[in-house]
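For the sequence shown, the residue numbers in the working numbering are 36 to 208. Heads up: the structure comes next, in structure tokens.
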Amino acid sequence: MILTPRLRKFALTAHVTSSVGWLGAVVVFLALAVVGLTSQDAQTVRGAYLVMEPTARLVLVPLAFASLLTGLVQSLGTPWGLVRHYWVLFKLLITVVATIVLLMYMETFRVMAGVAADPSAELGVVRNVSPMLHAALALLGLVVATVLAVYKPRGMTRYGRRKRDGRPKVLQP
Ligand code: HEM
Numbered sequence: 036m037i038l039t040p041r042l043r044k045f046a047l048t049a050h051v052t053s054s055v056g057w058l059g060a061v062v063v064f065l066a067l068a069v070v071g072l073t074s075q076d077a078q079t080v081r082g083a084y085l086v087m088e089p090t091a092r093l094v095l096v097p098l099a100f101a102s103l104l105t106g107l108v109q110s111l112g113t114p115w116g117l118v119r120h121y122w123v124l125f126k127l128l129i130t131v132v133a134t135i136v137l138l139m140y141m142e143t144f145r146v147m148a149g150v151a152a153d154p155s156a157e158l159g160v161v162r163n164v165s166p167m168l169h170a171a172l173a174l175l176g177l178v179v180a181t182v183l184a185v186y187k188p189r190g191m192t193r194y195g196r197r198k199r200d201g202r203p204k205v206l207q208p
């Protein structure tokens with residue numbers, strides 16, 4: 036089903052807002068991770084790891100799903116299609132992988148918050164380099180997705196070329 040121009044604009048607004056909002060939230064996580072690793076103040080370090088889990092649950096997870104869903108609408112509701120252009124396919128792949136890793140990482144957030152809440156745990160044990168690495172990788176993936184979205188490189192999949200040329204799926208002998 037192809038969206039009407041008005042609906043398409045509306046859906047695109049939702050898509051860009053959620054996707055680029057997700058990217059911005061990841062930048063905040065990167066900052067939190069750096070604060071957790073470098074702050075000299077014990078309360079601040081513990082606080083950084085304590086706030087990651089609820090913030091990820093309330094902000095990162097909903098934005099990831101919103102980006103994925105609105106991206107699917109944007110692809111299936113316009114002539115771009117889901118599997119016709121490599122740039123759309125790569126964005127789908129990046130988003131799906133990032134969302135799965137995020138969902139798996141929620142457990143790590145919970146464990147780190149548990150350690151941070153334990154007053155007997157030394158600060159060296161509370162500090163953890165993993166959120167910084169994950170946030171940096173996620174940021175890289177989301178920046179690549181944004182660049183793909185804006186530049187829209189030409190490459191088409193075999194399916195996309197067949198559809199464009201109007202050739203039937205199986206050529207008759
Ligand atoms: C990390 C996630 C994503 C980011 C940062 C992102 C970003 C963007 C941006 C900024 C645009 C606007 C580009 C423009 O109008 O010039 C856009 C458009 C688009 N996105 Fe995404 N996107 C993401 C995920 C997805 C996913 C998962 C899909 C497909 C399943 C998708 C499909 C599309 C399509 C088809 C358009 C073109 C819409 C149109 O021109 O009507 N995006 N995206």
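Don't be surprised by glycine CBs; every beta carbon is placed ideally from N, CA and C.
Can you tell me which of the options puts its alpha carbon nearest to the alpha carbon of residue i?
{"i": "S53", "options": "P40, A91 and G106", "result": "G106"}
{"i": "M36", "options": "R189, A77 and G112", "result": "G112"}
{"i": "M87", "options": "T39, D76 and A60", "result": "A60"}
{"i": "V123", "options": "V179, L168, L138 and Q78", "result": "V179"}
{"i": "T90", "options": "L174, M141, H169 and G149", "result": "M141"}
{"i": "Y186", "options": "Y121, M167, D153 and A101", "result": "Y121"}
{"i": "L104", "options": "P114, G195 and L47", "result": "L47"}
{"i": "V131", "options": "G149, S102 and S155", "result": "S102"}
Beta-carbon separation of residue i and residue j under 8 Å?
{"i": "T143", "j": "S165", "result": "yes"}
{"i": "K126", "j": "A171", "result": "no"}
{"i": "L58", "j": "T181", "result": "yes"}
{"i": "R119", "j": "M191", "result": "yes"}
{"i": "G176", "j": "I129", "result": "yes"}
Can you round the beta-carbon distance between residue i and residue j to whole angstroms, since I take them to be within the 8 Å contact cut?
{"i": "Y84", "j": "V160", "result": "Wrong, their Cβ atoms sit about 11 Å apart, outside the cutoff."}
In whole angstroms, what separates the C-alpha of residue i from that of residue j?
{"i": "G72", "j": "M147", "result": "The sequence given here places Leu at residue 72; Gly does not occur at that position. Using only the alpha carbons, I get a separation of about 13 Å."}
{"i": "V108", "j": "L137", "result": "22 Å"}
{"i": "H50", "j": "K44", "result": "10 Å"}
{"i": "G56", "j": "D76", "result": "30 Å"}
{"i": "G117", "j": "V62", "result": "With the sequence shown as reference, residue 117 is identified as Leu, and Gly is not the correct amino acid for it. Roughly 28 Å between the two C-alpha positions."}
{"i": "K198", "j": "T39", "result": "21 Å"}
{"i": "T79", "j": "V70", "result": "8 Å"}
**OP:** Would you check if the segment 63-77 and the segment 97-107 touch, i.e. whether three or more CB-CB distances between them fall below 8 Å?
**Re:** no
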